[in-house]
Amino acid sequence: MKRVELAASGEVQEGQLHAVSAEGRSLLLTRVGGRACAVENRCPHFNLPMTRGKVENGVIRCPWHGSRFDACSGENIDWVTAVAGLPLPQWSRALVAAGRKPAPLQTVAVTEVDGKLYLES
Ligand code: FES
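Heads up, the working numbering is the position in the sequence shown plus 124, with the first residue counted as 1.
And the structure:
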């Protein structure tokens with residue numbers, strides 16, 4: 125098993141997204157209740173990066189169309205709720221979803237050892 129350093133522990137904080145690249149993958153790191161969590165930096169709606177998204181109470185909001193995901197499990201909570209930060213009425217959400225069904229974020233296992241976060245691959 126190969127261990128790849130992702131970040132110093134102090135760089136990953138509650139309520140913040142920390143973008144990193146490792147092993148050819150773009151990842152987002154955050155902390156929820158002290159636990160470090162990582163997901164692929166690619167929204168399952170249109171495969172767009174979520175670097176400019178927000179994370180609050182362990183939930184990541186996609187900056188493009190407002191879909192929300194559990195930051196640790198990747199579970200989809202809301203699917204396509206906004207455009208450019210403006211809420212979409214319920215009737216228009218299916219149009220913006222463009223036929224794509226709700227899907228989870230891909231999660232990535234991280235370990236924290238001696239003040240550093242690692243990807244195990
Ligand atoms: S790209 Fe994320 S919700 Fe559309």
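For glycine and all other residues, C-beta sits at the position ideal for the given N, C-alpha and C. All of these numbers come straight from a predicted model, not from anything done at the bench.
In terms of alpha-carbon separation, which member of the options lies closest to residue i?
i, options, result
"V183", "H142, V156, D238, S133", "V156"
"G158", "E138, P213, V144, C167", "E138"
In whole angstroms, what is the alpha-carbon distance linking residue i and residue j?
i, j, result
"K178", "L141", "7 Å"
"V128", "P211", "39 Å"
"G223", "T175", "24 Å"
"N181", "C196", "11 Å"
"G190", "G148", "26 Å"
"P187", "A208", "7 Å"
"V220", "A131", "35 Å"
Determine the extent of the beta strand (DSSP E) in which residue i is found, giving its start and end residues.
i, result
"L130", "127 to 132"
"A160", "159 to 164"
Between which two residues does the alpha helix (DSSP H) carrying residue i extend?
i, result
"R224", "Note, R224: premise wrong, no alpha helix (DSSP H); not H, not E."
Return the chain-ordered list of same chain residues with a C-beta closer than 7 Å to the C-beta of residue i, the five sequence neighbours on each side being excluded.
i, result
"E135", "H142"
Tell me which residues share the same chain as residue i and place their Cβ nearer than 6 Å to its Cβ, disregarding the 5 neighbours each side in the sequence.
i, result
"A160", "V136, V234, E236, L241"
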